[in-house]
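Read the structure below first, then the notes.
Residue numbers (the numbering used here), protein chains in the order written: chain Z, 5 to 410; chain W, 207 to 440.
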């Protein structure tokens, strides 16, 4: 009995498989090809929107070298995230973390707005990022910090009376707005501290190119913003390429009420806002599901109407309505898989081109071409097929009568 | 009087009316009575040919005999089952197990090979792939297409396609084979070959009913039933 069922359903699926390949290949059915494109194009569009929105938002306060971000509950690792809960006594905590065998470097990161003035008296607000630079890894800040002196000389074991380096690295946007360049001096408004521009660089992520960013030593920024009193910072970034789940667990236990974000999740690598990319991706998903379902329903509906005769033949020779529906389901499933596959190929090719153009123009890629998005795209393609199926079965039922002996 | 029990298929007082559906007119004003009071029995071993002009009701009668439609009046018994009382699902099952149909325009599935087309009705019966292939191969050899097993319909001539269709109609070993104008699309010589095959189908468990304009087919049949304006006239 079970064997008979396997034989029957295996045969039915095989018929659907062969029919759709015949239409895609030898007979070159236009409607079937349009159906494949009707899935492929929305899927490619969706994946591009998702990868660009996450790509632009990617990379938190740290640069590409960071593996873990310790942030207070309720705060985010976004580089634009200011005025959120902060961590205290951060120099000591970072020193302690740096002493672990599995950690290459750890640095507190303070992010705040600072008003800076050029020699002509023109001033703007900079998004200042304070870190403890390391010669071992200069990729922890939004802008590479190679030109900053290693360590935090002004901190002086908590007394904030060491050597004031006055070094600052500016983003190209900040330098342009302040009309300054390497070697020139800036003054912070209100505190009247002088800084020398050590370098002007593009941020490591295209999503931050428009921000006027200044990277400096942590203790000097703490002094400017009043965070020195409690040795406050917004997060601690940790470079630990060989880190394990245990590393993550132990980092989470250093402070109460904190969480550890890892490089593993896309959402953990956000640079601007934690909800916008998700909201964009969700909106794109809804639009793509709607347009994809409408396209597939229309194109494949025409195909079914045009092939009513073949279903009438199947009915006349004793193929049941359920089996005919299964054949349509199989055909739609195959079309969905091919549409999804083609969509993924289109997304990859267009994404690479977009990244190439973005790198050429902005110095950094904009699309995050995560391989895992392929699974997402295939899932969406299958969902489009499933959403179209009830309508197509209704079309099939209406157009697949039994009038064949004419 | 009930139809004879040993008939493969029996019609008793069968009438069929196509309902008009113009939307604005009352249905009764557009109804078309296609068949009127048909009484007919077909017995094992018989080859019956239904003849008549276009519009005489031949196709409608074949439809009803094949269970593709149900009569508006009367009863049709096939394998001791009254088709007019059956649900659509039951009629599909009866077609699968008891009826083989040969169409004028062959109606093979273009995506499938000759062998897969012949084996198609066996899929629905849950027959294993190996047995399906064996049975289809055997039948194709019987109709002289042993060397065309893997050819697709587009690669076969009209006569070859009709022979595949005949093999498909016989693959489930049905008690009734219905052939609608089986030689209508073929030239004289090929039509004669196909007719010879059809003549060989009836046996002690099986009958053939065909509808044809072709006098050669009608002459070859054991019995001719002439329809005119939906009624049997001879």
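For glycine and all other residues, C-beta sits at the position ideal for the given N, C-alpha and C.
Tell me the residue span of the beta strand (DSSP E) that contains residue i.
{"i": "residue 280 of chain W", "result": "279–284"}
{"i": "residue 327 of chain W", "result": "Counting along the chain, residue 327 of chain W falls outside any beta strand (DSSP E), though it belongs to the alpha helix (DSSP H) covering 320–330."}
{"i": "residue 245 of chain W", "result": "238–248"}
{"i": "residue 70 of chain Z", "result": "Element bounds for residue 70 of chain Z: n/a, residue is neither H nor E."}
{"i": "residue 240 of chain Z", "result": "239–243"}
{"i": "residue 306 of chain W", "result": "305–308"}
Strictly by DSSP, which residues pair up with residue i?
{"i": "residue 120 of chain Z", "result": "Z/128 and Z/192"}
{"i": "residue 429 of chain W", "result": "W/254"}
{"i": "residue 395 of chain Z", "result": "Paired residue(s): none; residue 395 of chain Z is not in a bridge."}
{"i": "residue 199 of chain Z", "result": "Z/190"}
{"i": "residue 205 of chain Z", "result": "Z/175"}
{"i": "residue 360 of chain Z", "result": "Residue 360 of chain Z is not bridged to any residue."}
{"i": "residue 113 of chain Z", "result": "Z/239"}
{"i": "residue 263 of chain Z", "result": "Z/75"}
{"i": "residue 135 of chain Z", "result": "Z/221"}
{"i": "residue 438 of chain W", "result": "W/433"}
{"i": "residue 287 of chain W", "result": "W/284"}
In whole angstroms, what separates the C-alpha of residue i from that of residue j?
{"i": "residue 292 of chain Z", "j": "residue 296 of chain W", "result": "42 Å"}
{"i": "residue 125 of chain Z", "j": "residue 119 of chain Z", "result": "12 Å"}
{"i": "residue 275 of chain Z", "j": "residue 19 of chain Z", "result": "Residue confidence for residue 275 of chain Z is low, a pLDDT of 45 falling below 50, so the modelled location carries little weight and cannot support an answer."}
{"i": "residue 358 of chain Z", "j": "residue 378 of chain Z", "result": "17 Å"}
{"i": "residue 236 of chain Z", "j": "residue 58 of chain Z", "result": "29 Å"}
{"i": "residue 196 of chain Z", "j": "residue 188 of chain Z", "result": "16 Å"}
{"i": "residue 171 of chain Z", "j": "residue 350 of chain Z", "result": "46 Å"}
{"i": "residue 264 of chain Z", "j": "residue 92 of chain Z", "result": "16 Å"}
{"i": "residue 319 of chain Z", "j": "residue 375 of chain W", "result": "13 Å"}
{"i": "residue 400 of chain W", "j": "residue 349 of chain W", "result": "9 Å"}
{"i": "residue 422 of chain W", "j": "residue 259 of chain W", "result": "16 Å"}
{"i": "residue 294 of chain W", "j": "residue 43 of chain Z", "result": "35 Å"}
{"i": "residue 269 of chain Z", "j": "residue 101 of chain Z", "result": "Since pLDDT at residue 269 of chain Z reaches only 47, below the 50 mark, its modelled position is unreliable, and the value read off the structure follows with that caveat. So the alpha carbons of these two residues sit roughly 22 Å apart."}
{"i": "residue 353 of chain Z", "j": "residue 262 of chain Z", "result": "40 Å"}
{"i": "residue 136 of chain Z", "j": "residue 218 of chain Z", "result": "14 Å"}
{"i": "residue 217 of chain W", "j": "residue 280 of chain W", "result": "7 Å"}
{"i": "residue 371 of chain W", "j": "residue 314 of chain W", "result": "7 Å"}
{"i": "residue 319 of chain W", "j": "residue 402 of chain Z", "result": "28 Å"}
{"i": "residue 329 of chain Z", "j": "residue 14 of chain Z", "result": "14 Å"}
{"i": "residue 264 of chain W", "j": "residue 305 of chain W", "result": "17 Å"}
{"i": "residue 381 of chain W", "j": "residue 412 of chain W", "result": "4 Å"}
{"i": "residue 426 of chain W", "j": "residue 214 of chain W", "result": "20 Å"}
{"i": "residue 359 of chain W", "j": "residue 361 of chain Z", "result": "51 Å"}
{"i": "residue 325 of chain Z", "j": "residue 398 of chain Z", "result": "12 Å"}
{"i": "residue 191 of chain Z", "j": "residue 227 of chain Z", "result": "14 Å"}
{"i": "residue 238 of chain W", "j": "residue 262 of chain W", "result": "12 Å"}
{"i": "residue 129 of chain Z", "j": "residue 256 of chain Z", "result": "33 Å"}
{"i": "residue 21 of chain Z", "j": "residue 307 of chain Z", "result": "16 Å"}
Alpha helix (DSSP H) containing residue i: first to last residue?
{"i": "residue 101 of chain Z", "result": "94–102"}
{"i": "residue 218 of chain W", "result": "Counting along the chain, residue 218 of chain W falls outside any alpha helix (DSSP H), though it belongs to the beta strand (DSSP E) covering 215–224."}
{"i": "residue 415 of chain W", "result": "Counting along the chain, residue 415 of chain W falls outside any alpha helix (DSSP H), though it belongs to the beta strand (DSSP E) covering 413–417."}
{"i": "residue 254 of chain Z", "result": "249–256"}
{"i": "residue 221 of chain Z", "result": "Where residue 221 of chain Z is concerned, there is no enclosing alpha helix (DSSP H), although the beta strand (DSSP E) it sits in stretches over 217–221."}
{"i": "residue 142 of chain Z", "result": "That residue, residue 142 of chain Z, is in no alpha helix (DSSP H); it is neither H nor E in DSSP."}
{"i": "residue 404 of chain W", "result": "394–405"}
{"i": "residue 293 of chain W", "result": "Taken as a continuous stretch (DSSP letters only), residue 293 of chain W belongs to no alpha helix (DSSP H), as it is neither H nor E."}
{"i": "residue 11 of chain Z", "result": "6–28"}
{"i": "residue 266 of chain W", "result": "264–271"}
On a Cα-Cα basis, can you pick out the residue from the options that is closest to residue i?
{"i": "residue 52 of chain Z", "options": "Z/285, Z/243 and Z/167", "result": "Z/285"}
{"i": "residue 313 of chain Z", "options": "W/343, W/337 and W/309", "result": "W/309"}
{"i": "residue 277 of chain W", "options": "W/365, W/215, W/222 and W/416", "result": "W/222"}
{"i": "residue 185 of chain Z", "options": "Z/191, Z/200 and Z/192", "result": "Z/200"}
{"i": "residue 145 of chain Z", "options": "Z/12, Z/240 and Z/95", "result": "Z/240"}
{"i": "residue 444 of chain W", "options": "W/417, W/436, W/438 and W/433", "result": "The structure shown does not extend to residue 444 of chain W, since chain W is modelled only from 207 through 440, so no value can be given for it."}
{"i": "residue 249 of chain Z", "options": "Z/96, Z/266 and Z/10", "result": "Z/266"}
{"i": "residue 299 of chain Z", "options": "Z/132, Z/76, Z/336 and Z/361", "result": "Z/336"}
{"i": "residue 370 of chain Z", "options": "Z/11, Z/50, Z/30 and Z/56", "result": "Z/56"}
{"i": "residue 329 of chain W", "options": "Z/11, Z/213 and Z/394", "result": "Z/11"}
{"i": "residue 148 of chain Z", "options": "Z/109, Z/206 and Z/161", "result": "Z/206"}
{"i": "residue 258 of chain Z", "options": "Z/5, Z/48 and Z/110", "result": "Z/110"}
{"i": "residue 54 of chain Z", "options": "Z/376, Z/306, Z/14 and Z/25", "result": "Z/376"}
{"i": "residue 432 of chain W", "options": "W/270, W/245 and W/224", "result": "W/245"}
{"i": "residue 396 of chain Z", "options": "Z/116, Z/381 and Z/303", "result": "Z/303"}
{"i": "residue 50 of chain Z", "options": "Z/281, Z/254, Z/34 and Z/322", "result": "Z/281"}
{"i": "residue 180 of chain Z", "options": "Z/165, Z/198, Z/22 and Z/204", "result": "Z/204"}
Hey, does residue i have any beta-carbon neighbour from chain A nearer than 8 Å?
{"i": "residue 323 of chain Z", "result": "The displayed structure is made up of protein chains Z and W, and chain A is not among them."}
| request: Please specify which runs of the beta strand (DSSP E), each continuous and at least 3 residues long, are wholly inside the region 278–323 of chain Z, giving them in chain order. | output: Note on the region 278–323 of chain Z: there is no whole beta strand (DSSP E) run with a minimum of 3 residues.
| message | Give the list of continuous beta strand (DSSP E) stretches no shorter than 3 residues that lie fully inside the region 345–386 of chain W. | response | Counting only runs of 3 or more, we get 382–386.
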